[in-house]
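Peer 1:
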Amino acid sequence: RITTTSLPSGTVGQSYSATLQAEGGQPPYAWALQPGSGPLPPGLNLYSDGTLSGTPLSAGTFNFMVGVRDWAGSMAGASLAITISLPPMQPPVIQPPQRTADGRFQFSFSTVAGRSYTVLQSTTLTNWVPLLSFQGTGGPVTLVDWGTPNSKRFYRVSISP
Numbered sequence: 002r003i004t005t006t007s008l009p010s011g012t013v014g015q016s017y018s019a020t021l022q023a024e025g026g027q028p029p030y031a032w033a034l035q036p037g038s039g040p041l042p043p044g045l046n047l048y049s050d051g052t053l054s055g056t057p058l059s060a061g062t063f064n065f066m067v068g069v070r071d072w073a074g075s076m077a078g079a080s081l082a083i084t085i086s087l088p089p090m091q092p093p094v095i096q097p098p099q100r101t102a103d104g105r106f107q108f109s110f111s112t113v114a115g116r117s118y119t120v121l122q123s124t125t126l127t128n129w130v131p132l133l134s135f136q137g138t139g140g141p142v143t144l145v146d147w148g149t150p151n152s153k154r155f156y157r158v159s160i161s162p
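In my numbering, the protein residues as written are 2 to 162.
1) Given S86, which residues of its chain have a CB within under 8 Å of its CB, disregarding the five upstream and five downstream residues?
2) For the segment 133-152 against the segment 104-121, do three or more pairs of beta-carbon atoms, one drawn from each stretch, fall closer than 8 Å, so that the two count as touching?
3) Considering only their Cβ atoms, is the gap separating Q27 from T5 smaller than 7 Å?
4) Measure the alpha-carbon distance for M140 versus R116 and round it to whole angstroms.
5) Expressed to the nearest angstrom, what Euclidean distance is found between the alpha-carbon atoms of G78 and I3?
6) Unbroken beta strand (DSSP E) runs of length 3 or more, entirely within the segment 105-144: which are they?
7) Skipping 5 residues on each side, what residues in its chain have a beta carbon closer than 6 Å to that of A33?
8) Can you round the beta-carbon distance between P42 and I83 to whole angstroms, since I take them to be within the 8 Å contact cut?
9) Comparing C-alpha positions only, which one of L45, N46, R70 and V113 sits nearest to Q136?
10) Secondary structure at L47, three-state DSSP: helix, strand or coil?
11) Is the segment 122-130 touching the segment 150-160, taking contact as three or more C-beta pairs under 8 Å?
12) In the DSSP assignment, the beta strand (DSSP E) including L81 goes from what residue to what residue?
13) Which value, in whole angstroms, describes the spacing of the CA atoms of Q15 and L47?
14) Along the chain, where does the beta strand (DSSP E) that runs through R157 open and close?
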């Protein structure tokens, strides 16, 4: 009989580990996702010893079915769910833009995994033009503005969940 009835929640980009539990039967137990199960959160794996671990890559509530088989071949199944949340919103640490040797602008900033980023640029501080949109990886990003060299530029980074 599977005794795990709920699992701890997790956070995108942060290490996750939980161990599924069973009782009765004849150990050792072998765990697996059941056929027709929903997927585990991307980045997590279920190992045959009942360990569910990894680093979640996407937010959401993930419903799935696990099965356990004991040494004698008896089986049990259960439906479980994991809720994975985005990390708290934090403003990026943006390094001041630097000019490259050919007069272009280059700057770096930190990202949070699972967040959407849009970098905008302006020469007037009133008309903002999207330069680039991407998903954060949890690491630093370095961008080069390939616009007109040696012209004045302002940059803004917009973040959304």
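Where a beta carbon is used, it is the ideal one built from N, C-alpha and C, also for glycine.
Peer 2: Considering the structure as presented:
1) S10, G11, T12, V13 and A60
2) yes
3) no
4) A quick correction: the sequence has Gly, not Met, at residue 140. Each residue's Cα considered, the two are about 12 Å apart.
5) 7 Å
6) 106-111, 117-123 and 130-136
7) G68
8) 6 Å
9) V113
10) strand
11) yes
12) M76 to S86
13) 17 Å
14) F155 to S161
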